[in-house]
Each structure stands twice: as C-alpha cells, then as structure tokens.
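Notes follow the structure.
2 protein chains.
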Amino acid sequence: MSLYKKHDTTINKAVQALHDRTFYAAFPEHPAPAVYGETADADGQAKFKASLGKKFEELKQANPEGWAGQEESPYLQEPLKISYPMFSVKTLIDRSQTAFHQWRKVSVHDRAGILMESLERVKGRFFEIAYATMHTTGQGYMMAFQASGPHAADRALEAIAAGYEELQRFPNRALWDKPMGKFNIQLNKEWRPVPKGISVVIGCSTFPTWNSVTGIYGSLITGNTVIVKPHPGAILPIAIFVAEIQNVLAENNLDTNAVQLGVDTFDRMITKELAEHPAVKLIDYTGNSAFGSYLEALPGKVVFTEKTGVNSVILDSAEDIDKVAANLAFALTLYSGQMCTAPQNFYIPASGIKTAAGNVSFEEFATKFTDNVTGLVDNPKAGPFVLGAIQSKKTCDRVVEAETLPGKVLLKSRKIDNPMFKNARIATPVVIEMDAAKKDTFSKELFGPIALLIKTKNTDESIQLAKEMAMNHGAISCGAYTTDPAVREKIADEMSLAATPVSFNLTGGIYMNQNAAFSDFHVTGGNPAGNASFTNPEYVSKRFTWVGHREPVKA
Amino acid sequence: MSLYKKHDTTINKAVQALHDRTFYAAFPEHPAPAVYGETADADGQAKFKASLGKKFEELKQANPEGWAGQEESPYLQEPLKISYPMFSVKTLIDRSQTAFHQWRKVSVHDRAGILMESLERVKGRFFEIAYATMHTTGQGYMMAFQASGPHAADRALEAIAAGYEELQRFPNRALWDKPMGKFNIQLNKEWRPVPKGISVVIGCSTFPTWNSVTGIYGSLITGNTVIVKPHPGAILPIAIFVAEIQNVLAENNLDTNAVQLGVDTFDRMITKELAEHPAVKLIDYTGNSAFGSYLEALPGKVVFTEKTGVNSVILDSAEDIDKVAANLAFALTLYSGQMCTAPQNFYIPASGIKTAAGNVSFEEFATKFTDNVTGLVDNPKAGPFVLGAIQSKKTCDRVVEAETLPGKVLLKSRKIDNPMFKNARIATPVVIEMDAAKKDTFSKELFGPIALLIKTKNTDESIQLAKEMAMNHGAISCGAYTTDPAVREKIADEMSLAATPVSFNLTGGIYMNQNAAFSDFHVTGGNPAGNASFTNPEYVSKRFTWVGHREPVKA
Numbered sequence: 327m328s329l330y331k332k333h334d335t336t337i338n339k340a341v342q343a344l345h346d347r348t349f350y351a352a353f354p355e356h357p358a359p360a361v362y363g364e365t366a367d368a369d370g371q372a373k374f375k376a377s378l379g380k381k382f383e384e385l386k387q388a389n390p391e392g393w394a395g396q397e398e399s400p401y402l403q404e405p406l407k408i409s410y411p412m413f414s415v416k417t418l419i420d421r422s423q424t425a426f427h428q429w430r431k432v433s434v435h436d437r438a439g440i441l442m443e444s445l446e447r448v449k450g451r452f453f454e455i456a457y458a459t460m461h462t463t464g465q466g467y468m469m470a471f472q473a474s475g476p477h478a479a480d481r482a483l484e485a486i487a488a489g490y491e492e493l494q495r496f497p498n499r500a501l502w503d504k505p506m507g508k509f510n511i512q513l514n515k516e517w518r519p520v521p522k523g524i525s526v527v528i529g530c531s532t533f534p535t536w537n538s539v540t541g542i543y544g545s546l547i548t549g550n551t552v553i554v555k556p557h558p559g560a561i562l563p564i565a566i567f568v569a570e571i572q573n574v575l576a577e578n579n580l581d582t583n584a585v586q587l588g589v590d591t592f593d594r595m596i597t598k599e600l601a602e603h604p605a606v607k608l609i610d611y612t613g614n615s616a617f618g619s620y621l622e623a624l625p626g627k628v629v630f631t632e633k634t635g636v637n638s639v640i641l642d643s644a645e646d647i648d649k650v651a652a653n654l655a656f657a658l659t660l661y662s663g664q665m666c667t668a669p670q671n672f673y674i675p676a677s678g679i680k681t682a683a684g685n686v687s688f689e690e691f692a693t694k695f696t697d698n699v700t701g702l703v704d705n706p707k708a709g710p711f712v713l714g715a716i717q718s719k720k721t722c723d724r725v726v727e728a729e730t731l732p733g734k735v736l737l738k739s740r741k742i743d744n745p746m747f748k749n750a751r752i753a754t755p756v757v758i759e760m761d762a763a764k765k766d767t768f769s770k771e772l773f774g775p776i777a778l779l780i781k782t783k784n785t786d787e788s789i790q791l792a793k794e795m796a797m798n799h800g801a802i803s804c805g806a807y808t809t810d811p812a813v814r815e816k817i818a819d820e821m822s823l824a825a826t827p828v829s830f831n832l833t834g835g836i837y838m839n840q841n842a843a844f845s846d847f848h849v850t851g852g853n854p855a856g857n858a859s860f861t862n863p864e865y866v867s868k869r870f871t872w873v874g875h876r877e878p879v880k881a
Numbered sequence: 327m328s329l330y331k332k333h334d335t336t337i338n339k340a341v342q343a344l345h346d347r348t349f350y351a352a353f354p355e356h357p358a359p360a361v362y363g364e365t366a367d368a369d370g371q372a373k374f375k376a377s378l379g380k381k382f383e384e385l386k387q388a389n390p391e392g393w394a395g396q397e398e399s400p401y402l403q404e405p406l407k408i409s410y411p412m413f414s415v416k417t418l419i420d421r422s423q424t425a426f427h428q429w430r431k432v433s434v435h436d437r438a439g440i441l442m443e444s445l446e447r448v449k450g451r452f453f454e455i456a457y458a459t460m461h462t463t464g465q466g467y468m469m470a471f472q473a474s475g476p477h478a479a480d481r482a483l484e485a486i487a488a489g490y491e492e493l494q495r496f497p498n499r500a501l502w503d504k505p506m507g508k509f510n511i512q513l514n515k516e517w518r519p520v521p522k523g524i525s526v527v528i529g530c531s532t533f534p535t536w537n538s539v540t541g542i543y544g545s546l547i548t549g550n551t552v553i554v555k556p557h558p559g560a561i562l563p564i565a566i567f568v569a570e571i572q573n574v575l576a577e578n579n580l581d582t583n584a585v586q587l588g589v590d591t592f593d594r595m596i597t598k599e600l601a602e603h604p605a606v607k608l609i610d611y612t613g614n615s616a617f618g619s620y621l622e623a624l625p626g627k628v629v630f631t632e633k634t635g636v637n638s639v640i641l642d643s644a645e646d647i648d649k650v651a652a653n654l655a656f657a658l659t660l661y662s663g664q665m666c667t668a669p670q671n672f673y674i675p676a677s678g679i680k681t682a683a684g685n686v687s688f689e690e691f692a693t694k695f696t697d698n699v700t701g702l703v704d705n706p707k708a709g710p711f712v713l714g715a716i717q718s719k720k721t722c723d724r725v726v727e728a729e730t731l732p733g734k735v736l737l738k739s740r741k742i743d744n745p746m747f748k749n750a751r752i753a754t755p756v757v758i759e760m761d762a763a764k765k766d767t768f769s770k771e772l773f774g775p776i777a778l779l780i781k782t783k784n785t786d787e788s789i790q791l792a793k794e795m796a797m798n799h800g801a802i803s804c805g806a807y808t809t810d811p812a813v814r815e816k817i818a819d820e821m822s823l824a825a826t827p828v829s830f831n832l833t834g835g836i837y838m839n840q841n842a843a844f845s846d847f848h849v850t851g852g853n854p855a856g857n858a859s860f861t862n863p864e865y866v867s868k869r870f871t872w873v874g875h876r877e878p879v880k881a
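Chains as they are written, first to last, in my numbering: chain P, 327 to 881; chain Z, 327 to 881.
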C-alpha cells in the first residue's frame, strides 16, 4: 500500500496552521499564484462541456440501479442533462457498512495520506469544477473557481488536519503504575479512537463543494465511511471530488465504497430515508433551518448543521463613509446575496453616522449605498461577474415580493445583461428602508439580493437588534463600523454572546462575506444558524469515541 | 485580586497528566500517603455530627426563601435533619445571570487559580465529606472517603485542566497577512472562547460529589455560572464543595453566586423547571435513563449525561479461575452493586471456562463465585465495610424481586450485621443462573447487588450479547477473561464498536468498577449509558463557543 509519505510535511504544517490561525505563516509559499498550466482553463471548460448530456461514469460504484440527473444551468436556464448512477438507500448503506470495517482499520497516517492525495488529484480538475459550479450554482467564474476549488481544498485539508491531530491527542498505549506502598498496581492501558459508523453528508445548491468537503473529509479522516447526498441541483462539482477519492482508494486496493455518491431527484428525495436509517450515526447538513432542525432532533445521531441566519451590519461611525458604502454594496451584490455570510439588515441611527468629514444622515448614507450598488451592477466589466446568476427561481420571486415589504423601496431589483449568457437568471439587489419597529419583517432570512436599511434610535439599539436577531434567528456574519473603541468593544462583546463573529471597519478588497480556512471559524455553532463550526476541535472529535482498555502487566 | 500563583505548577502538571494518562508520571509525589493530621478523622466526624439537626449556614446565598432538607442515613435509617436554604428557580436564575457577566470576564488563569484554591480548601474537609457521604449514600467508610474526597478532587482537577487547555487551544490574537501580489491584506484577528451561560448540574444519590464536580468545575473553568441541584437524598457532601468555592470567590471580591446550591425536596422537585428555563444553556446529569433522555432531547441545551447501562463480564479462559472468582465476587459486592460500573451480566459458555488447570464447568464456576461472595460478606472484618448500606429502599425491593426472575437462584440475598450500625439497610448479593435465551430479562439494568450468570453457547455468543447490551442499552464497564490473544482482540474490537471500555483479566486488588482520573475515560459517550465522558476534550469544549473578530490593520 502506498503511504503517500510525500504529504507528511504538508499534514504537519497544516496542524501547525490550525494553531497559528494565519495559514500563511505555515504555508509561506501559498500566496504565490498557483500554476495550473496555460491550457488548464480551456481544458477544464472543454472537459465540462464534454460531460454535458452524458452519463457520469467516473464513480467506482458497481451495478447502478438507474441513472438520473436534473441539474440546470442558471446561466443558460437549460438542463445539463448529465445523469448519475442511482442506488437505493439499502444498497448505499449495505456497501457503506462493508467498507466501514476495512476503512476504520486503516491507520490515521494512511488515511491522511490517501485523503491528501485525493486533494492533489482534485487540484488538477479545479477549472472543470469551476465550470461545473458556475453552471449549477450560478456563481461567477472567479468565485466558482476559488470557492469550489482551492478554498474548498483548503477547508478539506483543515478538516483532515484537525482530525489527524485529534485522533492523536491521547497516546495509543501507556503504562499506569500506581504505587500502593508495599507494591505497585501496574496496568497496561490502551486508548482507541473508534469511528461512529456511517456518515451522511447532505449538500446544498449554492456551495456544493465548499460546504460539503469538511464533513466528507472530517468523517473519513476519523475512520467513518461517507455517503454524499448532493442537492439534486448541484451534483457535478462534488461528484468529481468523490470520484477522485475513490480513485485513490482503488489504487490502494481499498473498498471504494468508503465514500459513495448517493444521488436523488427532486421528485424522490432520499435524504430523510438516509438520515433516519439506524446505521447512520453522523449527519452533516447545509440548508434551510426547518430541515436542519428536524435533523438535529433525530435521536441517536451526531448532527452538524449550517442553517440560515440574519446577518447584520451595525453602522455607528467611520473614517471614510464612501469606502464603507462601496465595501457594503459589493458585499451585498457578490453572488447576488446568495452567500450565507451576505449582509441583510443594515442598522443605521436615525441621527446618522459620525464620520471624519462630519455627520452623514441616514438618507445620505442610503443614497451613497444604493448609488454604489447601481454603479457596481451597471459596470459592464464588473456587474455581471460579481452578481453571477440566481440559483433558484424562488429567490427571484422573493426579490419581487421584497418590494411589497412594509418600508420604502430605495432601489428596485432589475435584470441586467450578461454579455456571455443572454439567458442568465439575474436579479440585481433590492434595497428597502425600514423602521426598527418592523421587527417581524426583518427577523427572518430573506435569502438573495435583498438589503434592509433599518432606522434605529441609536447605536445601542442597533447592537441590541443585531444581537437579538443572532440569538433568536441565527447569524453567520456581522459587519460593524465604528471609530469609537468603547463602542467597538461593546459590539465585540455583545455579538460574542450571540456567538457571531464581527468584521470591523472593512473597506477595500476584503468583505464580511469571506471566511478563510485555518483562520476564520465558519459558523460558530453557538446560535441558531448552525450547531457546528468549520473547523473547531469538536467538529472532528464528535465523529469518534475514545475507548480505553486495560490489563494488568504480567508479573 | 489574589491570583493563586502557588497553583501554577500544579495546573501545568495537570495538563501534562491529561496527555500522559498515567497521572503518576506527572505527579510522582502523589502515591505517598496524604497526611491529613492525626486528629483529622475524629475532627471530621465531630464536625459532621455537629451539623446534624441544624441549618447548613455556610452558603453565601443571601435571603433564603425557606429552609428544608430530607436526607436520611442508610446506616441509621433516620433523617439527618439538616436543613438547607431554599430559593425559587427565578431567584437562582436571576442571581446566576448577574454573576455570569462578572465571572465570564475573569481570566482563565484567575479562574483556574480560584477553582484550584477551592480544592485545596476542600482537602481540609475530606473526612467530614466522608461521613456526610456515608450517611447519605450508604457507601462504606473507605469508599466514602476516597470517592467523595481525593478521587472527586482529582476528577475536578482534571476538568479544570481540560478546560484550561482547551480555552488556550487557539491564540487570543494573530496577524493575518495575505500577500495578494502587489499588496498584502492585513487583518488583526482575535478569538474569544465565549461561555454558554448558566449551567445546571444535577446530582445523584450514590456519588454526590464524584459525579457532580466534573460538571461544576468544567462549567466554571470555561466561564459559565453554575446552579448545583443535588439529589434531595444526598446534599451535604456537595454543599461543602459549593461552600468552599463560594469562600474563595468571596475572598476575591467576586460574586459568590457564580456557583449556587439549589436544593429541593422530594415532594417539590425543581429539576425540570430549572432545566427548561431558557437561560439555562448547559445541563450535567447523572441518574436514571428516562429522565436523562428527556434532558438530552430538550432543544437549545448542551446536555451531558451519565445514565444507566448493563455491564457485562465475558468469561472465556483464565490462568487461575479462583483468583477470577474472588475478583468478580468483590466487584459485585463492593458498595452492594450500587456503582454504575458494577458488573451485572456474567456470560459463561455452557462448555465452561478453559484454565491452566483444565476446564472449569459453568456449575463449578458458579459455585466458586457464590462461595467467594458468601465468604466475603460473612467475613466480619470485610463484609459490612465492602457492602456498605443500600441507599434507596427501592433497591432492596429490586433485590427481593430478583429471586422471581426466570432463572435458578444460586445465592439468596441476606441481611448481615454491621457491628457499628445495627439499623443499617443491608442486602447481600443475589446470584441467579439464567439462560442466554432470556434476553428480555437481562437486557436492562437491575441496579443493586444482583448478578446474573448467563449460560451461552460459546464465547462468540458471549461477546455478541455483551456488545448488543452495550449498543442497545448502554454499558459503562466490561470485564473480560481470556488467555487467547485472538479472543482478546476480538473482545477489544467488538466492545470498542459498542464504545465500552474493557478491563481484561483483572485479579487481585484492582476491580472493573474502578475508574481513575487522568487515565480512564469514565463513560465514553458513545453508547446509551451516557452522551459524555470524564473528561475528554468535548466535555469542556462544548461549554463555550469560539468567536473570532477581525479588523484591517491601520495603515
């Protein structure tokens, strides 16, 4: 068996990076632009196009019980007509159980090597994955490449490293030697990290790899077998990851069913049947809150969720309000507000925002903000690429309905032209002014490019509302602008109690939506937006059980 | 504020001991007999006696809303007539919330110092706690001293050390410096371990300190405030711990309500009201499975349970069967089978047990085992002290009922004399032979001195039954006797999958019931006997949330 010793240095650096939380300290070579080869983009695009209308035959899952696939491109508004092998839940579980008893006995070092080798293989397919992601999620090309490719691989590596460390947290063996006065009691003790069993990873339609690889790699490194249940609308990107893991397993003569793709269709979803199966012990999920809460309540399962939240921006004071407006307009527009970290509720004191250049009124800021949105979406070199396309038709409906919310429409949603995809499903942001009294309206996620500018009495009320939203309805991100250190600490402290990370005073090329692997804990697990965090120690430690055995030392 | 720098070395050694898992490597001085002073025992007994019939006025909890107490000595079968201050759930919660916002801001170093100082103070009261434990739980004097005193303190220190390490797992601050080609994005990042809020620790009647201090100290070190809800039948031992923590808090001018005792009475239990209160975020529980499962299902709470299980002994082969019989007879008799780790189901092949001296038949072993039990309980220098007394009358009823179970009564339960306490509630072990087909009967915990010798087809069936019991009904311990390495590994592997630690081939002065702090994970959290483990990293990491904030470095 190949042990992939070539990855030893990387895994050790990755464990170090978990603790540094800077990433670039452990991987100084990483900021250098990765070289994928001159033809990599064109080759990837060609490979993606060649897969359209065909069977996806890369998976090493024998004897499909059918073939199906219902993906549709938000850019083309046409089906991709790719079909995937289909298996009954019984087949998936049976195969997973068989593979489990082999995979659990592979050493942690070999598991790490195999999984890291799979990431190495996936690296060669980043462009193909990028096009697959664009044409399933509607993400712009840049985001589709980064989020589904290198950034997802970073998150996967982070989960491998976290598991690798946690599995070795305690010794395999130790001599317990207790002096009892006239004699010693000596026991040979051993501790085994025992995987839980079968893990089901349920994907979402907007980030099919980034949000799923942590669960897949986190479960695999800890010795569990995995059934990946992708969203029926976004299969291909994660299917490529699964195929590459299976390739490496096969090369090592291991049962490729250690990870399986379990595809279903919109009309016959298998998620509940899978999740409720007694053999399934671990469930990872990204998606709506109702289904997430149902999963969390299933007895006898360890469940990791990323659900929905209401992300707030607290505007108190700023050095340069124009830079603030530009930054927030971009944060809202990026992938048309379809990121779980996108801002929704902007709290602005009725008295305005204090700045170095004097007070900026609510109305003045609103104008600057909507002007920036309009300027961005109407910039032909930026707008279509930043917006991307709308993944689900329901989001378009929600944007239209938003104009009927109890407030003043400051900016209507429009359709703009995407020069490359004339049929792209597009909706530019809608911006609505709302009073802080309309809490019922802004107390829920309005998924998509929808921004509410909420007029508050003062910053204290803004903080109170942002905290309340996070505690009661969840939050994954929060933006805050203040030049006052006391206000800053108050926001930091209060939002901490609501388990919500705050990005302070972001301007320029960094946005509250972005979460970096090995540094930002994505979702904290401490509020209703989700019960897990990428990747804290609990994210991997809950996937196995420490069991100790002991026996007297032979005299 | 006193920072208790004198404890710095100890906490660092304790963190080391967590990883060594030998304890005595980090604390080589510890095996030396602790010196408590010549009069310590008599002083402690006197202090205990002086507390009888009086108000317990040590707690720094102002304005009691009443006084009550219903403890009763299993040795005297008389009420202790100690009364404790009573508070409404509202008062307890309000005070805890106020204290929370101070306690959470005390640094982890200072929290560790304060908590370790409280253990130092408790050390001076070990004998008093021992008598309090005897006369609430019925434990023998030796166990009452060790389990409620030094061993509980070790477990508390272990929880402090685990929290101390976990809270410092990631840096408080770091510079995230991402080269972007022509410029760098530089963010100052900070990470805060944010406590969850109010923690309720629900005690049990048999181990009122050992089973509760881990939750108390685990929650306090991680910045949560704690309400201790003792079992109405076993309050005094843990009340002394709470009083000593409050003393140290007061000396540091901290709100003593960071830890409160919330006493109730059998006729008006406040446990549900406390547990369901929205401000309560953490619940630690030791007790019956039905209530534990109710707690685990409460939404929005992090719950740590130790419930009940069916502990098995697998008898395959042995060097010296007499030593095995003696060891197991002691394990069953110790504290009259009222330990959560006591053996219940003994699986013996119908063909007997292979030994160095030839085959020992089922019947021969049964005779040796019952003879050893009888010899032990009838030894006036050992029997009464090993047996202790029966905590609850219900246990006596269960022992009587056991004789009607579908099997052959090999040894009847009796009452023996305790020379020191003629009214002691005593029941010696009952031993019943049962066929492996009577699974319905032996598939549940029969709490108390009840042993079932179950005749199996062979060792494979024994293993299968032990595993099935553990997976379906929970198990906290398992004993196994085999001289065959292949059988040993099969047992180790199969019981690992049922998340049950196995003690192999114990003879002499060490028993499967015993679990040592800093070495044995007590309850694994991986089977229905409980969802938590003393003290794995998860046991403390679930008590707080990592929240990261970030801000661009000022140019």
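All C-beta atoms, glycine included, are put in the ideal place defined by N, C-alpha and C.
query                                                                                                                                                                      : result
Less than 7 Å between the CB of Ala683 (chain P) and some heavy atom of the ligand PLP, yes or no?                                                                         : In terms of ligand content, the structure shown is empty, and the ligand PLP therefore cannot be addressed.
Quick check: Phe630 (chain Z) and Ile780 (chain Z), are their CB atoms within less than 8 Å of each other?                                                                 : no
Tell me, which residues are paired with Lys555 (chain Z) by DSSP?                                                                                                          : Z:Ile528
Does the separation of the CB atoms of Lys694 (chain Z) and Ala651 (chain Z) fall below 8 Å?                                                                               : yes
Establish whether the CB of Arg869 (chain P) and some CB of chain Z are separated by less than 8 Å.                                                                        : no
For the region 841-853 of chain Z, list every residue whose C-beta sits within 9 Å of some C-beta in chain P, in sequence order.                                           : Ala842, Ser845, Asp846, Phe847, Thr850, Gly851, Gly852, Asn853
When the distance is taken between beta carbons, is Val735 (chain P) closer than 8 Å to Ile752 (chain P)?                                                                  : no
For Ala657 (chain P), which residues of its own chain have a beta-carbon under 6 Å away from its beta-carbon, when the five flanking residues on both sides are left out?  : Pro669, Tyr837, Met838, Asn839
Within the 8 Å Cβ cut-off, does Arg495 (chain Z) reach chain P?                                                                                                            : yes
Which same chain residues, not among the five before or five after Val828 (chain P), have their C-beta less than 7 Å away from its C-beta?                                 : Cys804, Ala806, Ile817, Ala818, Met821
Compare the Cα-Cα distances from Val813 (chain P) to each of P:Lys680, P:Pro775, P:Val725 and report the closest residue.                                                  : P:Lys680
May I ask you to report which of helix, strand or coil DSSP gives Ser845 (chain P)?                                                                                        : coil
Suppose you measure from the CA of Asn537 (chain Z) to the CA of Val879 (chain P); what does that come to, to the nearest Å?                                               : 29 Å
Can you pull the chain Z residues whose beta carbon is under 9 Å from the beta carbon of Arg347 (chain P), in chain order?                                                 : Phe496, Pro497, Ala500, Trp502, Lys515, Trp517, Gly874
Using a Cβ-Cβ cut-off of 7 Å (strictly less than) and excluding sequence neighbours within five positions of His799 (chain P), which residues of its own chain qualify?    : Gly635, Val636, Ser769, Lys770, Pro854
Look up Val606 (chain Z) in the DSSP assignment and give the residues it is bridged to.                                                                                    : Z:Ile524
With distance defined between alpha-carbon atoms, name the residue in Z:Gly852, Z:Ala394, Z:Phe453 nearest to Tyr467 (chain Z).                                            : Z:Phe453
By Cβ distance, which residues of its chain are closer than 8 Å to His356 (chain P), with the 5 residues on each side in sequence left out?                                : Phe349, Tyr350
Please decide whether Val828 (chain P) counts as near chain A, where near means a Cβ-Cβ distance under 8 Å.                                                                : Considering every chain present, this structure includes no chain A. Its protein chains are P and Z.
Between Gly852 (chain Z) and the rest of its own chain, which residues show a CB-CB distance below 7 Å, the 5 nearest in sequence each way excluded?                       : Ala825
Taking beta-carbon pairs under 9 Å, can you tell me which members of the region 602-616 of chain Z lie near chain P?                                                       : none
In this structure, how does DSSP classify Glu820 (chain P) when only helix, strand and coil are distinguished?                                                             : helix
Tell me which same chain residues have a C-beta within less than 6 Å of the C-beta of Ile455 (chain P), skipping the five on either side of it?                            : Ser474, Gly475, Pro563, Ile566
Taking 7 Å as the limit between beta carbons, can you name the residues of its chain near Met665 (chain P), skipping five residues before and five after?                  : Asn839
Work out the CA separation of Lys738 (chain Z) and Val527 (chain Z) for me, nearest whole Å.                                                                               : 38 Å
Strictly under 8 Å for the Cβ-Cβ distance: is Glu864 (chain P) near chain Z by that measure?                                                                               : yes
State the DSSP-derived secondary structure class of Gly774 (chain P), mapped to helix, strand or coil.                                                                     : coil
Locate the alpha helix (DSSP H) running through Glu727 (chain P), then write down its first and last residues.                                                             : 719-728
Here's a check: name, in chain order, each residue in its chain whose Cβ is nearer than 6 Å to the Cβ of Met327 (chain P), leaving out the five neighbours to either side. : Note on Met327 (chain P): pLDDT 43, under 50, position unreliable in the model; no value is reported.
Name the DSSP beta bridge partners of Ala394 (chain Z), please?                                                                                                            : Z:Tyr410
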